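Report on the structure given below.
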Amino acid sequence: MSNKIFSLLLILVAQQSIFGQNKKAASAYPQSKSFYQLRLEDEDAAYFTPEKFKIRNDGKSDVSDELQRAIDEVKIKFNFGIVFIPEGTYRISKTIYIPTAVRVIGYGKKRPVFVLADNSPGFQEQYPQDKGNAKYMFWFTSGIPKPGAPIPDAGASTFYSAMSNVDLKIGNGNPSAVALRTHFAQHSFISHVDIHTGNGKAGMFDVGNEMEDVRFFGGEYGIYTFKPSPGWQFMMVDTYFEGQRKAAIKSQEAGLTIVRMSVKNVPTVIETNPGFYEKLFMEDSRFENISGPALTISNENNAYTQFSLKNIDCNKVPVFAGFPASGKTIPGAGAIYKVKQFFHGLQMADLTAKPVHNTIHEMEMLKSFPEPAKKDIPEFPEIKSWANLKTFGAKGDGVTDDTKAIQAAIDKYDVVYVPQGWYRVTETIKMKPKSALIGLNPISTQFIIEDNTEAFGSFGPPKAVVESSVGGSNILTGIGISTGASNSRAVGCKWMAGANSYLNDVKFVGGHGTINRKKVGTAGNDSHGQSESLWDTQYWSLWITNGGGGTFKNIWSANTYATSGTYVSNTSTPGRIYAMSIEHHVRNEVRFKNVSNWKVYALQLEEESKESSECQPFELEDCSNMVFANLYMFRVIRVKTPYPYSVRSWNNKQIEFLNVHNYSQTKYPSTIPLLDVNSGAEVRPWEFNRLLINDIKTSAATDIAVGKVTQLAKGFEFADGICRDSKGNIYFSESRQRRIYKWSESKNTLSLIADFPWEPLSLGCDSKDNLLVVFKYVPKPGYVVNGQPETFPNPPDAAGTSFSGWGNSGFGTLVYAMNPDQPEETMHLLEKAPLEKVAKIHKTLNPSNRRRDSGDFNNVSTNNFKECWIAPDGVTIIPVVYDLARSNSLIEGFPGKPLYGADEYLKRTVKFNVGPKGYLTDPQIFTEKGEFSSTVDDEGNVYIADGQIYIYDKTGKQIGEIEVPERPSTIVIGGENNRTLFITTRNSLYATGIK
């Protein structure tokens, strides 16, 4: 009965409104504005002009065949590129196919217009065999269609395709016509387009990736769509719909992510196909004169159905939402009202709250209809001010070093247009506060560094290919950035610009999504087929830091050579992410640390089987006031191993997750969508509408007591390398995962302080609490310094351990130091110097364990080393010895005091004296237990890890034992007043009080 009542209500409401709509002509709306008002010169582009093609742009002659020829020629000649369309009216009468990586871009004082002629052949019939049951003006495809073969529809591998700055119009007598079929994937889009569908079927069928500044007029639907390629979200920014006969958008599993949409004079805004779900996020939008429910929500009780809306202004919208299955409706709040928030689906009010399926809505009446929300995408400078990079001598041939030409153009002009080409650079390109770098296709327009470029190689802090100004209003758009495969210091882009800056349509090239260049006489970066040994050997592709913010749209990194696709750190400048795809990294996809005031919409993460099976997708640490909406986290169908967590959350507050999709086609999606590391709270639902993290959760540290072993954190692969600083803070690492952690004594919380592309072996602190990292440095084949390759022959003391003979040679064991509160900015390699250079030694940091299977443990341990690394304090040293390459941690040695080292091979602990020069002397067997690590308390008692933890007094008598739930790896005493024993195990960090 409820369904019948619901249907009658809809009919009555619609009948009352349709008369008014039909009586009212289409509202006056500003004419479309051309985005590119002048011709941009590009020797590799095709210009659709009468000089090049047999056409006229008068709207009378049919240009269909010549337009198809222009598009196909670009694809055949270059494999990717641009077809420029001058101002004018172009009549077509058949479907035009646009293959992968080809972009159609209009220019002129007015946008060019493509018109489907009245009564065009084939646009009247039904096409039940076609997915969209329609015929299309423009169809984006994966390749050039072959005669007689099925049309190769765009799909999951259709990248870089686009249409921009043209208008489309469907003539009369074409009831089956749809202007666009756009089932493409990353870096594909529609922008600055008006679609006048008239009596045709729709403006667009099967959406993909993102659109901006697109207006839909008429048609049964503005958009009707199924799931995008390859199941991702769809981002819509600054769109307009008016006069559709059935609904503005009809959708099914499209992941609609909408910001600033205006809809007017339609029966329904969003209609979900019956029996299917939708994940809708919408913000800062306007509905006006909507006769039926603005939202039609199907599958209302299913966890996959997720609706989240904020700040929706409504005028003459009597019913805001309807649920056909139950007949339930949610009425509006008067003639004019604002929907401050609307949430429907599975919800959790806090990390520890039980999931509840709920509908929440908050509305307020308004006296007048507000103006549209202000755009956050900046206006581009006038095109007449754009300087063409080629006029500065840049070649873009992939061979010539274009660094000086690019920098000269930036230094002279605020706006630099970058024509298609692969521009090789050998130093960082630095932008001024108002600099804009504008390209039009990020696969055909790239800044590249060759493998083993000297400035980006060897060891050192992060070094960017492109670097923004600090706090400026920079624009970087339509350009790919390739860091090659073998450039260990490389960052694709370091972004520090302000809230009004803009990074858009930037591809971080490497791994997936790479397309070969066909142009004769040019070279590209062919390093992307290099060995897997180069995976995860660079810094992050995109690093936003030092107060960086702005709008980031249509960004893609699938660069397996990078540590992460995106790292955002140390900023409270407002930031917005619209459609970012981060995929196929070895250890981590995306990381946010110390970030506030950001909105992240349509972030998509994907783990590929070969490179990413053990990847931690998402790290979120010390962040506040952030929203993540339509977050998709996916493990591909080829993944054959489980992974525990999608999101690791650390010390966050005021975080809102909306519409979370954690999934895989296999049985191995991430087991837990979100782990709060310090509290241990787990969010179990794979699909949910809303989760709030309101405040920082307390850790288990309050339970630390003598005689009780407490787990402080879990989820590590192999935790070791433990050390302490003078304040009682604890540091440890995961060597293979290349992560360094800090346990804060004052906050009782764990944090991830570094995930550099260098493998940490062990850690220590100097007297000023600088963190010292012994790490493994593998030189890159082909990298030279002053004409010589980097080499690291094994030292003489490597001979007594079989570890050195089985592939464990050819690398350097080096040491860097950093301020743990500012790791990226302060990391630097320590000086290796002769021991006599050190006037006074405060302490030495020695291998805690040595595996000497030749029986030379005592001799090697007491060798008088000749060289050492000098810490920043000038009085702490690390001896240069081979066993640092194998040791699990460092043990402190103070001149005049004993030191206890583990003979790992014979499973014993040996006591040494430490001489004034830091040499170890007088070896004596302390106990026949020992493995990786030991530590000493203030009374001189010795704690030894060997399966459990055994306690000895200073004479070697066992006085206690501590049972640990997991096998201990390394141990240290720290905390307040040095009364806490910290224990790393394979998977966890534990602590226990000591007497």
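When we follow my numbering, the leftmost residue of the sequence shown carries the number 201, and every step to the right adds one.
In this text, a Cβ means the ideal position worked out from N, Cα and C, and glycines have one as well.
Quick caveat: nothing in here was measured; it's all calculated off a predicted structure.
Looking at the DSSP output, C923 sits in a beta bridge with Y931. By the criterion of a C-beta distance shorter than 6 Å, V984 is surrounded by no residue of its chain, once the five residues flanking it on both sides are discounted. Scanning its chain for C-beta atoms nearer than 8 Å, with the 5 sequence neighbours on each side dropped, one finds around I449 the residues Y421, G422, I423, Y424, T425, F441, L456, V469, I470 and E471, in chain order.
Spatial neighbours of W958 in its own chain (CB-CB distance under 6 Å, excluding positions within 5 residues in sequence) are listed in chain order as F975.
C-alpha of P989 to C-alpha of P981: approximately 8 Å in a straight line. Between S731 and G698, the C-beta spacing is not below 8 Å. Just so you know, the alpha carbons of M565 and D736 end up roughly 54 Å apart. Relative to the Cα of L380, the nearest Cα in the group G371, Q386, I390 and G373 belongs to I390. The secondary-structure analysis by DSSP pairs Q506 across a beta bridge with K479. Taking G288 as the centre and dropping the five residues before and after it, the same chain places the C-beta of N257 and P312 closer than 6 Å to its C-beta, in chain order. Counted as a single uninterrupted DSSP element, the beta strand (DSSP E) harbouring E410 occupies residues E410 to G418. Beyond the five residues adjoining it in sequence on each side, I1171 comes within less than 8 Å, by CB distance, of I922, S1133, S1134, T1135, Y1143, A1145, I1149, L1181, F1182, I1183 and T1184 in the same chain, given in chain order.
In the structure shown, the three-state DSSP call for Y983 is coil. Judged by beta-carbon spacing, S682 lies within the 8 Å limit of Q646, meaning their Cβ atoms are closer than that value.
In the DSSP assignment, Y863 forms a beta bridge with F834. Counting only runs that start and end inside the region 1047-1088, the beta strand (DSSP E) elements of at least 3 residues fall at 1067-1070 and 1076-1079.
The alpha-carbon separation between N499 and T505 amounts to approximately 6 Å.
The C-beta distance from E488 to V459 rounds to 18 Å, too long to meet the 8 Å contact threshold.
Going by beta carbons, F507 and L480 fall inside the 8 Å limit. Here the alpha carbon of V263 sits roughly 15 Å from the alpha carbon of K369. Closest by C-alpha distance to Y868, out of E266, D955 and V836, is V836.
For E650, the three-state secondary structure derived from DSSP is coil. Below 8 Å, enough C-beta pairs join the region 292-303 and the region 335-343 to call them touching: three or more. The C-alpha of W743 is placed about 15 Å away from the C-alpha of H785. Taken through DSSP and simplified to helix, strand or coil, N1178 comes out as helix. Between N1064 and G1093, the C-beta gap is not smaller than 8 Å, which leaves the two residues out of contact.
Within the same chain, Cβ atoms closer than 7 Å to the Cβ of G678 are found at I638, G639, L640, N641, P642, T645 and D705, the five residues on either side in sequence being excluded.
The Cβ-Cβ distance between A1085 and L972 does not fall below 8 Å. Per the coordinates, the alpha-carbon of F1003 lies some 8 Å from the alpha-carbon of R1051. Distance from the CA of G527 to the CA of A685, rounded to the nearest whole angstrom, comes to 58 Å.
The distance from the Cβ of M435 to that of A758 is about 18 Å, inconsistent with a contact at the 8 Å cut-off. In terms of Cβ geometry, I715 and A385 do not form a close pair [threshold 8 Å].
In the same chain as N465, and ignoring 5 residues on each side of it, the C-beta atoms closer than 6 Å to its own belong to Q221, E442, G443 and N489, in chain order.
Distance from the CA atom of V666 to the CA atom of A779, rounded to whole angstroms, is 21 Å. K401 sits away from G373, with the two beta carbons spaced by 8 Å or more. Positions of the beta strand (DSSP E) runs, each at least 3 residues long and wholly inside the region 841-920, are given as 845-850, 853-864, 872-876, 887-893 and 910-914 in order along the chain.
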